[in-house]
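Q:
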């Protein structure tokens with residue numbers, strides 16, 4: 004979505020459709036739920052067409068790039084959704100708070116090998132099942148915080164912003180070398196916070212539920228043949244060029260669909276409703292977000308410190324897709340050093356000479372992607388799957404006001420202080 008454009012400037016009024024779409028996503032399910040659940044595709048596409056029409060009349064290049072990225076996004080989300088839906092992880096017995104913490108830690112590690120999207124799609128259903136007698140909104144929220152976002156900052160596979168950096172020339176192991184301390188502090192801190200909340204929830208549960216939760220757990224797995232298709236998707240992401248990549252993902256999705264026994268899908272209560280919701284809403288988001296990102300490129304904020312890059316990248320990653328936001332601020336940082344994002348040698352030089360700034364951009368993009376449901380691809384999908392499983396989830400505003408601002412933002416402010424302020428503790 005970061006692309007050159009022939010326009011001299013993006014008009015400010017063109018930012019209005021994106022703002023209106025965010026407002027609709029936030030208020031629609033609360034203010035007019037019946038209309039929203041029936042007509043949200045019309046709202047998303049209608050607002051998106053405003054941006055599409057403008058670019059078709061002026062310069063279609065940014066629109067083409069947005070369409071390519073949307074197709075890649077849907078191919079990845081859709082194929083992982085189908086393949087993970089063919090793997091059933093059954094838990095007999097109920098999870099204690101300590102078991103839940105271990106599960107979240109495993110999810111955070113796994114996200115670096117199969118991506119935050121892959122880990123989220125694979126683990127959200129067993130996460131709901133293992134807490135089925137006392138699952139609450141904060142179980143879904145912290146799953147999004149840890150597995151869908153923060154956990155995936157150790158490898159370029161983990162989260163889309165880091166993969167974009169890898170494609171631009173940042174060495175594969177640079178992320179692990181420079182971000183492991185931030186990952187460890189963030190994951191450990193969020194798990195500790197979750198444990199305190201889950202322990203209180205556990206103690207409030209009826210005695211028979213607590214006794215069930217201390218029973219021996221048994222895990223069974225069905226549909227493990229889908230791991231082959233999961234491997235094909237990861238190979239496509241890492242090794243294949245565009246169109247070949249999306250084609251391989253389609254092959255993997257169809258292979259999974261036709262080879263998975265119907266009983267596995269039935270046990271997972273699998274259907275296409277969550278994928279349909281994400282596809283329609285993100286069609287509007289990608290279209291309306293294009294002028295917002297173009298405006299950011301044309302009027303970059305004046306940034307002079309690693310901490311300012313951390314906050315600026317993070318603030319916009321929460322409301323814009325975090326991958327193009329990462330590239331926008333990486334391009335800004337490179338430009339300040341008279342380097343070009345289009346030159347891999349320049350990117351490698353910057354990664355070695357300004358590691359602190361690149362770390363700030365990386366952690367800001369990955370961590371703050373959890374601030375809203377639309378900050379990172381799997382967030383909305385996890386919400387949709389949870390709602391389809393009859394689990395109460397916060398509304399768009401409820402997520403921000405009850406969890407993201409008081410819990411996550413406060414904790415991420417501490418991360419910024421520890422790593423990027425003048426009094427930083429970690430290097």
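In the numbering used here, the protein residues as written are 4 to 430.
Positions of the beta carbon are idealized from the N, C-alpha and C atoms, including for glycine.
Being a predicted model, the structure only gives us computed values, none of them experimental.
Please state the DSSP three-state secondary structure of residue 425.
A: Your numbering for residue 425 matches position 422 in the chain shown. The answer is coil: DSSP assigns residue 425 none of H, G, I, E or B.
Q: Determine the contact status of residue 179 and residue 145, defining contact as a CB-CB distance below 7 Å.
A: Position 176 of the chain shown holds residue 179. Position 142 of the chain shown holds residue 145. In this structure, residue 145 does not lie closer than 7 Å to residue 179 by Cβ.
Q: Quick check: the Cα distance between residue 322 and residue 284, rounded to an integer number of angstroms?
A: Along the chain shown, one-based indexing puts residue 322 at 319. Along the chain shown, one-based indexing puts residue 284 at 281. Approximately 14 Å, taken between the alpha carbons.
Q: Drop a sphere of 10 angstroms on the beta-carbon of residue 338, count the other beta-carbons inside from all chains shown, and report buried for 16 or more, exposed for fewer.
A: Position 335 of the chain shown, counted from the first residue, corresponds to residue 338. Under this definition residue 338 is an exposed residue.
Q: Only counting the same chain, and skipping five residues up and downstream in sequence, which positions put a Cβ closer than 7 Å to that of residue 313?
A: To locate residue 313, count along the chain shown from 1; it is residue 310. Result list for residue 313: 363, 366, 367, 419 and 423, in chain order.
Q: Is it buried or exposed for residue 350, if we count other Cβ within 10 angstroms and need 16 for buried?
A: To locate residue 350, count along the chain shown from 1; it is residue 347. Buried, by the Cβ-count rule.
Q: I'd like the ranges of any beta strand (DSSP E) spanning at least 3 consecutive residues and lying wholly in the segment 353-407.
A: With a minimum length of 3 residues, no continuous beta strand (DSSP E) run stays inside the segment 353-407.
Q: Is the beta carbon of residue 159 less than 7 Å from the beta carbon of residue 165?
A: The count along the chain shown starts at 1 and reaches residue 159 at position 156. The count along the chain shown starts at 1 and reaches residue 165 at position 162. Yes.
Q: According to DSSP, simplified to helix, strand and coil, what is residue 268?
A: Numbered from its first residue, the chain shown carries residue 268 at position 265. Residue 268 falls in the helix class under three-state DSSP.
Q: Between the C-alpha atoms of residue 113 and residue 413, what's the straight-line distance to the nearest angstrom?
A: Residue mapping note: residue 113 aligns to position 110 of the chain shown, counting from 1. Residue mapping note: residue 413 aligns to position 410 of the chain shown, counting from 1. Taking the straight line from one Cα to the other gives about 26 Å.
Q: I'd like to check one pair, residue 89 with residue 263: are the Cβ atoms closer than 7 Å?
A: For this step, residue 263 is matched to residue 260 along the chain shown. For this step, residue 89 is matched to residue 86 along the chain shown. Contact flag set, yes.
Q: Taking three-plus beta-carbon pairs below 8 Å as touching, is the segment 275-289 in contact with the segment 41-55?
A: Judged by Cβ distances under 8 Å, the segment 275-289 makes contact with the segment 41-55, as three or more pairs qualify.
Q: Count the CB pairs spanning the segment 118-135 and the segment 181-194 that are closer than 8 Å, and state whether there are at least three.
A: Too few Cβ pairs lie closer than 8 Å, so no.
Q: Any contact between the segment 375-382 and the segment 316-336? By contact I mean 3 or more CB pairs, one from each, below 8 Å.
A: Yes: the two stretches touch, three or more of their Cβ pairs being nearer than 8 Å.
Q: Thinking C-alpha only, which one of 237, 334, 32 and 43 is nearest residue 279?
A: If you number the chain shown from 1, residue 279 lands on position 276. Nearest C-alpha to residue 279: 43.
Q: My output table needs one value for residue 413: the three-state DSSP class, helix, strand or coil.
A: Residue 413 sits at position 410 when you count from the first residue of the chain shown. It is helical.
Q: Label residue 245 either buried or exposed according to how many other C-beta atoms from any shown protein chain fall within 10 Å of its C-beta, with 16 as the threshold for buried.
A: Position 242 of the chain shown holds residue 245. Counting Cβ neighbours within 10 Å, residue 245 comes out exposed, since fewer than 16 surround it.
Q: With three or more C-beta pairs closer than 8 Å as the rule, is the segment 237-254 touching the segment 67-75?
A: Contact holds: three or more Cβ-Cβ distances are below 8 Å.
Q: Measure the CB-CB distance between residue 305 and residue 335 and report whether it falls below 7 Å.
A: Here residue 305 refers to the residue found at position 302 when the chain shown is read from its first residue. Here residue 335 refers to the residue found at position 332 when the chain shown is read from its first residue. Result no, Cβ atoms of residue 305 and residue 335 do not sit closer than 7 Å.
Q: Starting from residue 169, trace the alpha helix (DSSP H) in both directions and tell me its first and last residue.
A: As a working mapping, residue 169 is identified with position 166 in the chain shown. Residue 169 -> alpha helix (DSSP H) spans 163-171.
Q: Note the first and the last residue of the continuous alpha helix (DSSP H) segment covering residue 130.
A: Taking the chain shown and counting its residues from 1, one reaches residue 130 at position 127. It spans 100-133 - the alpha helix (DSSP H) in which residue 130 sits, taken as one unbroken run.
Q: Hey, quick one: how far does the alpha helix (DSSP H) through residue 309 stretch, first residue to last?
A: Start at 1 with the first residue of the chain shown, and residue 309 comes out as number 306. Counting along the chain, the alpha helix (DSSP H) containing residue 309 begins and ends at 309-320.
Q: State the DSSP-derived secondary structure class of residue 197, mapped to helix, strand or coil.
A: As a first step, residue 197 must be located in the chain shown, where it is residue number 194. In the structure shown, residue 197 sits in a helix (DSSP, three-state: H, G or I).
Q: Any idea what DSSP makes of residue 92, helix, strand or coil?
A: Here residue 92 refers to the residue found at position 89 when the chain shown is read from its first residue. Note: residue 92 maps to strand in three-state DSSP.
Q: Within a Cβ cutoff of 7 Å, which residues of the same chain sit near residue 301, ignoring the five residues on either side of it in sequence?
A: Reading the chain shown from its first residue, position 298 is the one you call residue 301. Around residue 301: 12 and 13.
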